[in-house]
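Working notes, beginning with the structure itself.
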Amino acid sequence: IALSYCWGGPQPITTRQDNAQDHTNGIVFSELPKTLQDAIFVTSELGMRYLWVDCLCIIQDDPEDVAREISLMAQIFEQAYVSISAASAASVHEGFLANQNAPVGTAVPVTFNFPDSDMTPLLIERVERTRDPANDPINLRAWTLQEHILAPRMLVYSTEELWWQCESSVTHSKGQEEDLYYFSSKLEKHRRSLDYWRSIVQDYSRRFLTYSNDKLPALAGIAARFSRTSSARYFAGLWDIDLLGELMWCSSRSDISRPATQRAPSWSWASVDGEVH
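If you're matching positions, the sequence shown starts at 37 in the numbering used here and goes up one per residue.
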């Protein structure tokens, strides 16, 4: 199982070179932040033994280990039995198993006066639900976009309720299911299109990164998949199958902001901060 979550600042516990062996021997459960505790509980309830968490499974102060694990990120989420998304938690301290808030406006109390009876309250509920990812803090973090796209199966603990999503359906905890099987072939064709890639870039570019230099690495897994399915060549966020069109990106901001240290060629959208389209 792989965990997708928001760090929300410095981590209270990480694996470093000076404690890697201690962490291999064991970590005291009570010393873990709430999100990691919740993830371990879910993993155990699913009958699984292993959970991948980036702050623990990557030696954070070892550049070689960080580079190696980042290069495997796509493989980790693509091959996980299931991924857990702590979507409702803005930081690792919050946890995600608390009661979700029911969507506003889905239930309306109505009082009816039936003959020969007392006033009887009824609750009329709109059954149809649609997931609005914008409500979840996790969708402001850049790294998690790749994790959500690459995972073939994911339990999403959202702000409102629990969702199950896979490549054929999306189901919420109340039982509503949207069948995606019919569209799967069209979806696969769409994944090979530049429009699909550009929609990912627009969504990705509005998200936040803790480390500015992660701009391209945090999207590398999706780029590798797109390269496999499209046979296109990748150049710092752009594709050669329509390089002139790819160079036509523009910033959504009136003032283009660039990081102090160059992280990509100036002709790439990855060289600027903020949303692009």
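Backbone N, C-alpha and C define an ideal beta-carbon position, used for all residues, glycine too.
Pick helix, strand or coil for S121, following the three-state DSSP scheme. Here residue 121 corresponds to residue number 85 of the sequence shown, with the count starting at 1. It is a strand residue.
Identify which residue in P253, F65 and L176 has its Cα closest to the Cα of A123. Translated into the one-based positions of the sequence shown, residue 123 becomes position 87. Of the listed residues, the one whose Cα sits closest to A123 is L176.
How many angstroms separate the CA atom of W43 from the CA atom of R289? Within the sequence shown, the letter at position 7 stands for residue 43. Within the sequence shown, the letter at position 253 stands for residue 289. When rounded, the distance between both Cα atoms is 27 Å.
Euclidean distance between Cα positions of I34 and T71: The question about residue 34 has no answer, for the chain in this structure spans 37 to 313.
Is it true that the CB of S241 sits closer than 8 Å to the CB of L274? Position 238 of the sequence shown holds residue 274. Position 205 of the sequence shown holds residue 241. Not in contact: L274 and S241 (Cβ atoms no closer than 8 Å).
Alpha helix (DSSP H) runs contained entirely in the region 220-272, provided each spans 4 or more residues: Fully enclosed alpha helix (DSSP H) runs of 4 or longer: 220-227, 230-241 and 256-266.
Does the distance from the CB of R299 to the CB of D309 come in under 8 Å? As a working mapping, residue 299 is identified with position 263 in the sequence shown. As a working mapping, residue 309 is identified with position 273 in the sequence shown. Not in contact: R299 and D309 (Cβ atoms no closer than 8 Å).
Going by the beta-carbon positions, is the gap between I120 and L191 smaller than 8 Å? Taking the first residue of the sequence shown as position 1, residue 120 is located at position 84. Taking the first residue of the sequence shown as position 1, residue 191 is located at position 155. Yes, they are a contact pair.
With H, G and I counted as helix, E and B as strand and the rest as coil, what does DSSP make of M109? Here residue 109 refers to the residue found at position 73 of the sequence shown. DSSP, read as helix, strand or coil, puts M109 in helix.
Which parts of the region 50-102 are runs of the alpha helix (DSSP H), unbroken and 4 residues or longer, counting only runs that do not cross its ends? Counting whole runs of 4 or more residues, the region 50-102 contains the alpha helix (DSSP H) stretches 56-61, 70-81 and 90-93.
With a threshold of 16 other CB atoms inside 10 Å of the CB of G281, please say whether the residue is buried or exposed. Within the sequence shown, the letter at position 245 stands for residue 281. By the 10 Å Cβ count, G281 comes out exposed.
Neighbourhood of C93 by C-beta, 8 Å cutoff - its chain only, sequence neighbours within 5 removed: Position 57 of the sequence shown, counted from the start, is the residue given in the question as residue 93. Take C93, set aside five residues on each side of it, and the residues of its chain with a beta-carbon closer than 8 Å to its own are T51 and E105, in chain order.
Can you tell me where the alpha helix (DSSP H) with W179 in it begins and where it stops? Position 143 of the sequence shown, counted from the first residue, corresponds to residue 179. Unbroken alpha helix (DSSP H) run through W179: A178 to L186.
Closest to A110 by CA distance: which of L68, E100, P188 and Q96 is it? Start at 1 with the first residue of the sequence shown, and residue 110 comes out as number 74. Its Cα nearest to that of A110, the residue P188 stands out among L68, E100, P188 and Q96.
Can you tell me whether Q53 is buried or exposed, with buried defined as 16 or more other CB within 10 angstroms of its CB? Start at 1 with the first residue of the sequence shown, and residue 53 comes out as number 17. Classification for Q53: exposed.
Relative to the C-alpha of G45, which residue among D74, R261 and E130 is closest? Along the sequence shown, one-based indexing puts residue 45 at 9. Distance check between G45 and each of D74, R261 and E130 places E130 closest, using alpha-carbon atoms only.
Quick one: what's got a C-beta closer than 6 Å to G257's C-beta in the same chain, skipping five residues either side? In the sequence shown, residue 257 corresponds to position 221, counting from 1. If the five residues before and after G257 are omitted, its C-beta is found closer than 6 Å to the C-beta atoms of M109, A110, Q182 and L186, all from its own chain and listed in chain order.
Rounded to a whole number of angstroms, what is the C-alpha to C-alpha distance between Y232 and T79? Within the sequence shown, the letter at position 196 stands for residue 232. Within the sequence shown, the letter at position 43 stands for residue 79. Going by the C-alpha atoms only, they are around 32 Å apart.
V102 to E67 span [Cα, whole Å]: Here residue 102 refers to the residue found at position 66 of the sequence shown. Here residue 67 refers to the residue found at position 31 of the sequence shown. If I take the Cα positions, the gap works out to 23 Å.
Answer yes or no: do V128 and Q47 have a C-beta to C-beta separation smaller than 8 Å? Sequence index remark: in the sequence shown, residue 128 carries index 92 (1-based). Sequence index remark: in the sequence shown, residue 47 carries index 11 (1-based). It is a contact, given that the beta carbons lie within the stated cut-off.
For D215 and H208, I'd like the C-alpha separation in whole angstroms. Working through the sequence shown from its first residue, we reach residue 215 at position 179. Working through the sequence shown from its first residue, we reach residue 208 at position 172. With a pLDDT of 49 at D215, under the threshold of 50, the modelled position of that residue is not reliable, and no figure is offered here.
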